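As structure tokens, the structure follows; a few thoughts come after it.
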Amino acid sequence: MAEDLLGTGREVFFCRRPGRGVGVRRSLVSINDLTNEEVEAVFVGADEMASLLRRGGPLDLCRGKILCTLFYEPSTRTRLSFESAMHRLGGAVLSTENARVSSSAAKGETIRDSVRVVQHYADLLVMRHYLDGSTRVAAECARIPVISGGDGTHEHPTQTLCDLYTMRKEKGKVQGLHVALCGDLRYGRTVHSLAYGLARFGARITCVAPPGFQLPAHVRERLLREYGCRIREFSRLDEAIAGEASAPRRRSGDGLYQDLIEQFDVLYLTRVQKERLPRGEGPALAAESFRLSRALLRKAQEDALVLHPLPRVNELDYDVDEDKRAGYFRQASYGVAVRMALTALFLGVVRSGGFAPGPRPRLSVRSVRVRGVRCINDRCVSLSEPDVRPRFVPAAEAGGLRCAYCEVEVRPPTRGRGELFR
Amino acid sequence: MAEDLLGTGREVFFCRRPGRGVGVRRSLVSINDLTNEEVEAVFVGADEMASLLRRGGPLDLCRGKILCTLFYEPSTRTRLSFESAMHRLGGAVLSTENARVSSSAAKGETIRDSVRVVQHYADLLVMRHYLDGSTRVAAECARIPVISGGDGTHEHPTQTLCDLYTMRKEKGKVQGLHVALCGDLRYGRTVHSLAYGLARFGARITCVAPPGFQLPAHVRERLLREYGCRIREFSRLDEAIAGEASAPRRRSGDGLYQDLIEQFDVLYLTRVQKERLPRGEGPALAAESFRLSRALLRKAQEDALVLHPLPRVNELDYDVDEDKRAGYFRQASYGVAVRMALTALFLGVVRSGGFAPGPRPRLSVRSVRVRGVRCINDRCVSLSEPDVRPRFVPAAEAGGLRCAYCEVEVRPPTRGRGELFR
Amino acid sequence: MAEDLLGTGREVFFCRRPGRGVGVRRSLVSINDLTNEEVEAVFVGADEMASLLRRGGPLDLCRGKILCTLFYEPSTRTRLSFESAMHRLGGAVLSTENARVSSSAAKGETIRDSVRVVQHYADLLVMRHYLDGSTRVAAECARIPVISGGDGTHEHPTQTLCDLYTMRKEKGKVQGLHVALCGDLRYGRTVHSLAYGLARFGARITCVAPPGFQLPAHVRERLLREYGCRIREFSRLDEAIAGEASAPRRRSGDGLYQDLIEQFDVLYLTRVQKERLPRGEGPALAAESFRLSRALLRKAQEDALVLHPLPRVNELDYDVDEDKRAGYFRQASYGVAVRMALTALFLGVVRSGGFAPGPRPRLSVRSVRVRGVRCINDRCVSLSEPDVRPRFVPAAEAGGLRCAYCEVEVRPPTRGRGELFR
């Protein structure tokens, strides 16, 4: 039944679905929308795509299919690599590079209205938007699959897939890796999805961020409660690498961290998201505390892997590029193969044992409205869009609520939970 | 001779022209550039395209052809549905989503100069521009077909085709329908072309607009003189629906309107075009007078059809979406099939008995310069572009002149007409 | 061996390379990156492409290949004609029409970083950027061919190829032509590459520019020293055409210019690059001194050819268009064929005897860093990009240095040259 349609001569992973592929009726907004098996399926798919690309020549898997990219924020890697992936697969692309200005959003159209229209023009929608939870809104109302290209400070799941794929490819596996997440961990959406991904695959996480830029509390607590992942935190990269006793928050007596703390397998750097800073907060000084210079890198592990979702600004010196541990350009180069696999899987033109074609139960399915409660996150889509109403899912703690869009945790007013929900 | 090349198994409407299709050497700037038979030909074509789309798979009708979209104003539906149509037909697309900033217009190039260059790069040009009559300028100088995607406050003919197609599809036919045009009828280009289309196909029109936003006098008079269509006017939607006696301008003794005025078959809503308002005019209050709420809709006819060209802002409540009479998202969904038919017809890759491939006599062909007369419309392209000179055609009234570009009527100075023309 | 794969039935110029084409590993940033034989090869290729276009139908030469256009400045002709060329060749396009705003450049990414990423998404990069020498930076770090679509005030080599192709097509050959370069010769990049091209092919050059807009000294000196081309200069076009004795800088005793100076074969006009003027310099007045009106054109040679890279602003009257000598729209129309030939050659899908597929020794290969010397050109990429360090090549004069990026000449401090270089 499973034919070697891609002709890779390897164990058949992909086979064209009977008849033409149909959209799989599911979306990718959070890395948690995929199971671990599905993440693996994407990686196996990416390997196949990469070997097809090396052999050159056009593929026709997506002939007749249309990808629409709708970007409300600047992008180089995400938009162009998705579009490149679709072209390599033989499909067509509708592109909007600056939807904030050149789409009907400029005339006041809501996300829901735009998406309910655009879904008739394409078979797959990749969207980036500046509001947290915005791409969840799109996924909820679209009849075609929606893949998030990043939503505000919330998540960036396809970047995380590229990150994990890079670690798996260059380090063999993600499990057991010790990863330092450095930089603006508060506003950087890539590290939020990556932290979940790392925790789920059994990596250890150390966070390095100056005061004001630490991982949001709701992310840290969710890592602990849902995935049993306890993170260690430093405020300066040199202290994290050197393991200095003066490092604040260092819990030196903790049994989990008996080995030398400078033994990072992966240094994952991110820039200060200056476009998301509240007015008055200066980004320049902050970056100094986690800047990776060639000198500092000398103190790191011999076979450490330096990653960065890019663009970098001043937290990663240009002369680090020449160090063999610099992996960030390879990381970017894997984007096309990973996104080819995603595109083919979500369009349903290939299938994989690990990837469920039907819709999965989503948080939003079980989400409810709660009397008198609105999200506390200023950037949440539920506060800005007139046609989105606050919805919540129960968080792990008793009485806790999590916004169904931006996933920030909200404490409901002190009343019985029964009377709040409706 | 007429082969069933599309394989629809129905009465053959389209057949590929002998040899490869050649541009039909005509353009679509006003809905009045098409005869009623040609509008019907587009609709039959759209039906065929829709059935082809449902059967899935790529079409190759436009293989090797290039569509160029040149948009000087924001767009979601028009640009993306045209581009989607071209991709579905197997052609390629050159796209400029923000030509005001990223084309040579930013350096001061005129429309004529830009079009005379772009015509060498594509086979069909779809253009949107902020000046009234601008797309007529493009059509005049291009050797490839030009289709307007909207020009200032003048017209938006392909939207009108989608609107009429929706009414025909959901109501059986346009003739005899009673349509309420509501909202900003002054600056909204879609209602201008729609009013002509409705009048020509024998619909009845009621206009609902607050003071300052009524249908321009030259449109109203042309409807009457050229198509014998007398419109009734209200300033508030609730009054129009309720048929209150207090409604201003209501001519209750008029034989034409003996039936209950709340019997609207179609409620066509439009937003306030706030980007076209003179400074100081506030849009928010105006919209209240024609806002369609769910409560108000309860009073309307059971099988009324609510349409809107979208985007909506605050004149159409979001909870109306759940009413079965809400037809605006279906209206948007028909855009691809209608624009596939238009693209195929104007590229000449299909032909239809009803659609004349050769150039039709155009207003502009017979237009003349008139000594000392310039257009009185501030937004007219003839006042802004240094290489466009005012031209006019005789309007119906003796001595009347109509601008050949924006079609606003101008009264010439009181002299003999003979000495004015040259 | 050389098959008539394009089926033009003429002496075979192109033949598909064995196996699939591979990028030729060279770039086009300056017209001086091509030898005269290679320029001729592009022209022969353009002739073939034009005849293929006339016969209609899609070509498949670039099927499966991807062109990425990355434009940091507005463009109509260059971007759209390259994209059209790629579509006509059967390839796909990734487009960024406003990279300054909608790419990661908006977040502070350097050119090098962007290019090192984008090279993984496409097979050929066409880039326009506002900094002088920027496209050289891209070409240096990319593993795919980079073609400049214009870099600041430096050069615009593909425009020059179109210009020379037009002269060759309409005048038979470039050698011996007398060309007047008029307008903003200081900030206009097209005239800089064109002047080199004309000099190398043996044309005579007269420059017409008002004070403050003359050809930069380093270009004028290089023309003389490297190509033996002495230019004559006027400050007003009417004087140049009329040959008035009052013309400043006129060297009337010069043996080279004994014939009547009004005998221009080509009048090449350019607009004032007002976006590059230092604040306070007014462009309007300047343009008057080289404005070509129909009246002035009457005094020019009967078979003169008027060219302009377009867009024009106010230096070329619109009524000149009707004169048979107006060649600028034909000039623009040749852009697709010329860029099809360039695309096919640089992607390596065709080959030509005259065009070397391998990398050529480049200035930058031999460039060196010089202690304490930085470029003196405020617009040079080496002063703005944190990851570009100043590099120089020896200029003709003893001790002279030329910036490896913007090619402006720099005088090193008065010390021995040996101790400067490192």
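Residue numbers (the numbering used here), protein chains in the order written: chain A, 604 to 1025; chain B, 604 to 1025; chain C, 604 to 1025. A virtual CB, placed ideally from N, CA and C, is assigned to each residue, including glycine. All of these numbers come straight from a predicted model, not from anything done at the bench.
Just to confirm before moving on: does the CB-CB distance between residue i and residue j stay below 8 Å?
i: His795(C); j: Val777(C); result: no
i: Ala802(B); j: Tyr830(B); result: yes
i: Gly783(B); j: Leu870(B); result: What sits at residue 783(B) in the sequence shown is Ala, not Gly. Contact flag set, yes.
i: His759(A); j: Asp735(A); result: no
i: Arg731(B); j: Phe804(B); result: no
i: Ala845(B); j: Val811(B); result: no
i: Thr946(B); j: Ala653(B); result: no
i: Val740(B); j: Glu988(B); result: yes
i: Arg833(A); j: Leu827(A); result: yes
Spatial neighbours of residue i within its chain, please: CB distance less than 7 Å, with the 5 preceding and 5 following residues excluded, ordered by chain position.
i: Arg874(B); result: Gly786, Asp787, Pro914, Arg915, Val916 and Glu918
i: Gly694(C); result: Cys665, Arg666, Lys668, Ile669 and Leu670
i: Ala935(C); result: Arg680 and Leu913
i: Tyr931(C); result: Val909, Leu910, His911 and Leu913
i: Arg719(C); result: Cys744
Within 10 Å of its beta-carbon, does residue i have 16 or more other beta-carbons around it, so buried, or fewer, so exposed?
i: Gln817(A); result: buried
i: Asp866(B); result: The sequence shown places Gln at residue 866(B), rather than the Asp named in the question. Result: exposed.
i: Asp663(A); result: exposed
i: Glu891(C); result: exposed
i: Arg854(B); result: For Arg854(B), the predicted model reports a pLDDT of 46, less than 50, meaning its position is unreliable and no value from the coordinates is stated.
i: Ile714(A); result: buried
i: Pro881(B); result: exposed
i: Pro814(C); result: exposed
i: Val1011(A); result: buried
i: Arg1005(C); result: buried
i: Glu676(A); result: buried
i: Val696(C); result: buried
i: Gly752(C); result: buried
i: Arg792(C); result: buried
i: Glu712(C); result: buried
i: Asn639(A); result: exposed
i: Asp726(A); result: buried
Where does residue i fall in DSSP's three states?
i: Thr699(B); result: strand
i: Asp663(B); result: coil
i: Ser751(A); result: strand
i: Leu859(A); result: A caution first: Leu859(A) carries a pLDDT of 37, below 50, which makes its placement in the model unreliable, though a value can still be read off. Here Leu859(A) sits in helix by DSSP.
i: Tyr871(A); result: strand
i: Glu829(A); result: helix
i: Ile808(A); result: strand
i: Arg897(C); result: helix
i: Pro760(C); result: helix
Chain A partners of residue i, CB-CB under 9 Å?
i: Leu734(B); result: Within 9 Å Cβ-Cβ: nothing; Leu734(B) doesn't reach chain A, min ~18 Å.
i: Pro989(C); result: Asn917 and Tyr921
i: Phe932(B); result: Asp716, Arg719, Val720 and His723
Along chain B, in chain order, which residues have C-beta atoms closer than 9 Å to that of residue i?
i: Glu700(A); result: Glu700 and Asn701
Going along chain C in order, which residues have a C-beta closer than 7 Å to the C-beta of residue i?
i: His690(A); result: Ile669 and Ala695
i: Ser936(A); result: His723
i: Gly711(B); result: Pro914 and Val916
i: Ser717(B); result: Thr679
Run down chain B in chain order and give the residues with a C-beta less than 8 Å from the C-beta of residue i.
i: Ser705(A); result: Phe674, Pro677, Ser678, Glu700 and Asn701
i: Val811(A); result: Those do not exist, as Val811(A) stays about 40 Å from chain B at its closest Cβ, beyond 8 Å.
Is the shortest distance between the beta-carbon of residue i and the beta-carbons of chain D less than 8 Å?
i: Glu686(B); result: Reference to chain D is not applicable here, since the protein chains of this structure are A, B and C.
What residues in its chain sit with their C-beta under 6 Å from that of residue i, if we drop five residues either side in the sequence?
i: Ser737(A); result: Ile714, Asp754 and Val984
Please compile the residues from chain A whose C-beta is within a distance smaller than 8 Å of the C-beta of residue i.
i: Leu910(B); result: Within 8 Å Cβ-Cβ: nothing; Leu910(B) doesn't reach chain A, min ~14 Å.
Name the chain C residues that come within less than 8 Å of residue i, Cβ to Cβ?
i: Val939(A); result: His723 and Tyr724
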